[in-house]
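J.: For reference, the structure I am asking about is given below.
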Ligand code: SF4
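Numbering (the numbering used here), first residue to last: 7 to 394.
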């Protein structure tokens, strides 16, 4: 799946020209208006009438780029995931995409100073060598949609193969894994896909890979020795949700051995109230804005508990109805929902982080060198606050 043709204009900051990958990315682009600009130049006015998904900026990052996932309000549990925001924005069109709200920049951004990013990453991993990190590139982008993201992913897989205390997660709704299959990953990369029933993909995830394409790509990734992950996020209400999500899980396990799955997340639709108008404006045919939603403790709209709880319960029961089921967790849910669905909840974000490490240690022998100790996860961890 190639989205290069979507870019109508490409800006290249002068400093980015020193990075070899910049030319490599440009070589993959069809001939488009390309312009080299000083690093301080603002082109926002020039592209005011263009969708930021159609404008590309190649530049170098300033400041830290490996950071903690912002998560949400303290009322909900988050998992201390870490993110590398090398790519920002995405060429696909999901009606519910939170980037419509969060990203307020005139272009899709690709940082080209890979070497510096990897130095920062290694330094941060070394500083807390006794704990295990999960780090992804799919927070402000799809990890594999744009060639510049795939180039980064290829190098990152090699870098992570030599970091004993971290796993890289590449999260996608594409099938762009071909260039990754031959790379020596040493088991330290997880290839992940977001899943929804095909009916929901058709209505709400435009320009993404079909369900069967995602599962076929995942199977190929597993055959190449990669660990896998899946994200049932966002789970969307549909009049036939029981049938659709039940069939989705049957389909998943038909294609994928649960023992290859490192983790599965669940999270129901949520977005800031002010995003509602944008969704109606951009995706007039979607039913998303008209579902019954309530304002959660973090101010975001969510399905009311009586609506989202049975969806979680059904999905969880089906996902765990296999021997040796994968580790399943909620993304941004309350301890109450955890208890009602799983029968227990982590005491804190740090505890959830530790539970991941414990589960990986038990299910994938050799992946984590030493048995994880809770104390190493409880120390008020934040990459941002670590001393230089
Ligand atoms: S694939 Fe992800 S990042 Fe891209 S539009 Fe859909 S939700 Fe947003």
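Built from N, CA and C at the ideal position, the CB exists for glycine as well.
Any heavy atom of the ligand SF4 closer than 7 Å to the CB of residue 99?
T.: Flag set: Cβ of residue 99 near the ligand SF4.
J.: Does at least one heavy atom of the ligand SF4 sit under 7 Å from the Cβ of residue 224?
T.: Answer for residue 224: no, Cβ out of range of the ligand SF4.
J.: Once you ignore the five residues that flank residue 27 on each side, which residues in its own chain have a CB closer than 7 Å to its CB?
T.: Only 118, 120, 157 meet the Cβ criterion.
J.: Would you kindly report the start and end of the unbroken beta strand (DSSP E) that includes residue 303?
T.: That residue, residue 303, is in no beta strand (DSSP E); it is neither H nor E in DSSP.
J.: Specify, as a first and last residue, the run of the alpha helix (DSSP H) that residue 248 falls within.
T.: Its alpha helix (DSSP H) spans residues 247-261.
J.: Based on DSSP bridge pairs, tell me the residues matched to residue 103.
T.: Looking at the DSSP assignment, residue 103 forms no beta bridge with any residue, so it has no partner.
J.: Does the ligand SF4 have even one heavy atom less than 7 Å from the beta-carbon of residue 211?
T.: Yes, the beta carbon of residue 211 sits closer than 7 Å to at least one heavy atom of the ligand SF4.
J.: State buried or exposed for residue 89, treating a residue as buried only when at least 16 other CB atoms are found within 10 Å of its CB.
T.: Result: buried.
J.: Pull up the DSSP beta-bridge partners for residue 334, would you.
T.: The partner list for residue 334 (beta bridge, DSSP) reads 270.
J.: Say yes only if the C-beta of residue 287 is nearer than 7 Å to one or more non-hydrogen atoms of the ligand SF4, and no if none qualify.
T.: Not under cutoff, so the answer is no.
J.: Measure the CB-CB distance between residue 363 and residue 378 and report whether it falls below 8 Å.
T.: In this structure, residue 378 lies closer than 8 Å to residue 363 by Cβ.
J.: Could you give the distance in angstroms between the alpha-carbon of residue 19 and the alpha-carbon of residue 255?
T.: If you take the alpha carbons of residue 19 and residue 255, they lie about 45 Å apart.
J.: Closest to residue 211 by C-alpha separation, out of 280, 99, 295, would be which residue?
T.: Comparing Cα-Cα distances from residue 211 to each of 280, 99, 295, the minimum goes to 99.
J.: Assign residue 290 to one of three DSSP states: helix, strand, or coil.
T.: If DSSP states are grouped into helix, strand and coil, residue 290 belongs with coil.
J.: Candidates 250, 287, 228, 270: which alpha carbon is nearest residue 261's?
T.: Comparing Cα-Cα distances from residue 261 to each of 250, 287, 228, 270, the minimum goes to 228.
J.: Given 8 Å as the limit, is there contact between the region 233-243 and the region 183-199, that is, 3 or more CB pairs closer than that?
T.: Judged by Cβ distances under 8 Å, the region 233-243 makes contact with the region 183-199, as three or more pairs qualify.
J.: What do you reckon, is the C-beta of residue 147 under 7 Å from a heavy atom of the ligand SF4?
T.: For the ligand SF4, at least one heavy atom lies less than 7 Å from the Cβ of residue 147.
J.: Which residues in the same chain as residue 273 place their Cβ atom closer than 8 Å to its Cβ, once the five residues preceding and following it in sequence are excluded?
T.: Contacts found: 237, 238, 239, 240, 241, 336, 337, 338, 339.
J.: Ignore the nearest five residues each way along the sequence and tell me which others in residue 221's own chain have a CB closer than 6 Å to its CB.
T.: Only 261 meet the Cβ criterion.
J.: Under 7 Å: does the beta carbon of residue 105 sit that close to some heavy atom of the ligand SF4?
T.: Indeed, a heavy atom of the ligand SF4 lies less than 7 Å from the Cβ.
J.: Grouping DSSP H, G and I as helix and E and B as strand, with all else coil, what is residue 142?
T.: Note: residue 142 maps to strand in three-state DSSP.
J.: Does the count of Cβ pairs from the region 40-52 and the region 74-87 closer than 8 Å reach three?
T.: These segments do not touch.
J.: If distances are taken between C-alpha atoms only, which option among 22, 34, 25 comes closest to residue 11?
T.: Ranking 22, 34, 25 by Cα distance to residue 11 puts 34 first.
J.: For residue 58, collect the residues of the same chain with a Cβ closer than 8 Å to its Cβ; drop the 5 residues on either side in sequence, then sort them by chain order.
T.: Excluding sequence neighbours, residue 58 sits near 95, 109, 111, 112, 113, 114.
J.: Relative to the ligand SF4, is the shortest distance from any of its heavy atoms to the C-beta of residue 214 smaller than 7 Å?
T.: Within the cutoff, so yes.
J.: Kindly identify the DSSP beta-bridge partner or partners of residue 90.
T.: In the DSSP output, where bridge partners are listed per residue, residue 90 has 72.
J.: Under the criterion of a Cβ to heavy atom distance below 7 Å, does residue 179 qualify as lining the ligand SF4?
T.: Residue 179 Cβ: within cutoff of the ligand SF4.
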